[in-house]
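To keep things clear, I will list the structure first and then write my remarks on it.
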Amino acid sequence: MADTGLNKKKLVTFDGHEKISALKAAAKLTDFGERQNEANELLAEAIAALGDRIASLEERQNRSEEALQAIAKELSAFKKELDRVRLSEKLNSGTIERLSNALRLAEENS
């Protein structure tokens, strides 16, 4: 995530409770308003950056979920194929054993 530059010092918009004369009040109020605007801009940038980061993470999560679904589908197909091969192996083993027994019996009878 981009560094937004937020820190406590940048977000402080009011710097004290000292007594302000009537002549300085307008200047202090203007200073406070400018600081508050700067803080608001920094916060808005930080919020926008977080929104972008969230969108990026959601997109990444969606891609990960799609990849996991594809892997699960492939794994299921692999399991079916493996079960088919195991069954074929059992059937072939049984056939070989029967043929072997038939040959042995034929040799014994000849």
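Note that the numbering used here has the sequence shown beginning at -19, numbered continuously upward.
Every residue gets a Cβ at the ideal spot worked out from N, C-alpha and C, and that includes glycine.
For residue i, the first and last residue of its enclosing alpha helix (DSSP H)
i      : result
K59    : 2 to 89
K(-11) : -12 to -9
Buried or exposed by the 16-neighbour rule on C-beta atoms within 10 Å, applied to residue i
i      : result
A(-18) : Confidence is the limiting factor: at A(-18) the pLDDT is only 48, short of 50, which leaves the residue's position unreliable, though a coordinate-based value still follows. Exposed, since its Cβ has fewer than 16 Cβ neighbours within 10 Å.
K(-12) : exposed
Integer-rounded CB distance, given that residue j should sit under 8 Å from residue i
i      : j   : result
L(-14) : A28 : 13 Å between Cβ atoms; not a contact.
(request) Could you say if the stretch 1 to 20 and the stretch 49 to 65 meet the contact criterion of at least three C-beta pairs nearer than 8 Å? (result) The stretch 1 to 20 vs the stretch 49 to 65: no contact.
(request) Examine the Cβ distances between the stretch 0 to 12 and the stretch 28 to 43 and report whether three or more of them are shorter than 8 Å. (result) Taking one beta carbon from each stretch, the stretch 0 to 12 and the stretch 28 to 43 have fewer than 3 pairs nearer than 8 Å; the two do not touch.
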